[in-house]
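Residue numbers (the working numbering): 2 to 355.
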Ligand code: AHM
Ligand code: MG
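Structure (structure tokens):
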């Protein structure tokens, strides 16, 4: 019989294993070196940004000036939401005085934000998408923030941040915050992928799943099928294959973070291929595709443009877009096989007509 005065087993379990984010970073690095202290402090600041954004999102429908558009268009040519601006500024304000970063580069800013001279300058650059999936905000559906940490290498002499145009392999950490029914922070610093859940009563992110592994294959395919007639024939063939075979199910929320999170835990594939209007797709390499590719690889999955590993892609510019196919190894490879077959057919046809 259950004794109402006694905590339940699962409550004991949570109390016993209460690992906070900063403790986890030190445990991962097995050191209190300057690098470990920096990474722990960086993760703490990112967590603080996540808590501030989560707090505003949770009350956005009740506040004046929290929802809707600002009337501006960003460097990507997209209409800016008030929450995009707020979240972008939150990241700047939590890092400005931190002494941890020298720059912040964001999807919402044409040029990186340089830490002013009267503030301590750090050794890292933070790249981030402050609110990913912002079209979901006004209808109270999940959104996220994505981040990547890079160590400053060389000098940014002319202030164009050309030194940031490096492949995703150069990231030393990456992750996202998912603002869903609960707020979760998922991160990796090169030693596996770990998920934390925000306990609002403590105001702390507490470890909820350690060493997440993406299943080698999963049932989910996640893609905006409204773009079907704008895709390459190879992608269309892949989707036709999904429709004709048992064991697949479609899931698409319009926010990459949420869709990727589901695949991280359950397996499958997320795709945002190039379209006629946007041959490079929609997603940004430095703020979205590369950080999630880093996580996918750490969790035993893959991320590809269709022809190249995402982590190998050298950006030509800060806001470069890239097609993205990410998730379970076998499922990413299956999509690629349709693209390869299409390329083969195209070449064969070209040879015949020569
Ligand atoms: P955003 O960062 O400006 O919100 O854009 C990225 C989002 C992704 O979260 C999502 O996967 C995609 O755009 C959805 O685009 P679409 O509405 O074209 O399907
Ligand atoms: Mg985004």
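Ideal Cβ placement from N, Cα and C applies to all residues, glycine included.
These numbers come from a predicted model, not from an experiment.
Between residue 325 and residue 287, the C-beta spacing is not below 9 Å. Of all C-beta pairs linking the stretch 177-185 to the stretch 44-63, three or more are shorter than 8 Å, placing the two stretches in contact.
Proximity of the beta carbon of residue 231 to the ligand AHM is not indicated: no heavy atom of the ligand is located closer than 8 Å. Between residue 129 and residue 103, the C-beta spacing is not below 9 Å. Distances from the CB of residue 108 to the heavy atoms of the ligand AHM include at least one below 8 Å. Ranked by Cα distance from residue 66, the first of 76, 74, 87, 299 is 87. Taking every protein chain shown into account, the CB of residue 185 has 16 or more other CB atoms within 10 angstroms, so this residue is buried.
Straight-line measurement puts the Cα of residue 32 at about 43 Å from the Cα of residue 275. Scanning its chain for C-beta atoms nearer than 8 Å, with the 5 sequence neighbours on each side dropped, one finds around residue 267 the residues 216, 219, 220, 221, in chain order. For the set 329, 190, 257, 281, the Cα lying nearest the Cα of residue 318 is the one of 281. Residue nearest to residue 182 within the set 331, 224, 259 is 259 (criterion: CA-CA distance). With 16 or more other Cβ atoms from the protein chains shown falling within 10 Å of its own Cβ, residue 223 counts as buried. The bridge partners DSSP lists for residue 250 are 221. Under the DSSP assignment, residue 338 falls in the alpha helix (DSSP H) whose first and last residues are 330-354.
Distances between the C-beta of residue 77 and the heavy atoms of the ligand AHM include at least one below 8 Å. Under the rule that a run must span 3 or more residues, the beta strand (DSSP E) segments found entirely inside the stretch 25-74 read 70-74. Judged by DSSP secondary structure, residue 263 falls within the alpha helix (DSSP H) whose first and last residues are 257-267.
For residue 129, the CB stays at least 8 Å from every heavy atom of the ligand AHM.
Residue 145 is positioned such that its CB atom lies no closer than 9 Å to that of residue 52.
Secondary structure at residue 110: coil, using DSSP grouped into helix, strand and coil. Around the beta carbon of residue 289, a 10 Å sphere encloses 16 or more other beta carbons of the protein chains shown; the residue is thus reported as buried.
Residue burial annotation: residue 306 is buried, with at least 16 other C-beta atoms found within 10 angstroms of its C-beta. With respect to the 9 Å criterion, residue 340 and residue 236 are classified as neighbours on the basis of their beta carbons.
The closest heavy atom of the ligand AHM lies less than 8 Å from the beta carbon of residue 255. Here DSSP, grouped into helix, strand and coil, assigns residue 140 to helix. Using a C-beta cut-off of 8 Å, the stretch 77-87 makes contact with the stretch 133-141, since at least three inter-stretch Cβ pairs fall below that distance. DSSP places residue 172 within a strand segment (E or B) once states are collapsed to three. Under the criterion of beta carbons closer than 8 Å, residue 312 and residue 170 qualify as touching, at roughly 5 Å. For residue 256, the closest alpha carbon among the candidates 120, 166, 273, 209 is that of 273.
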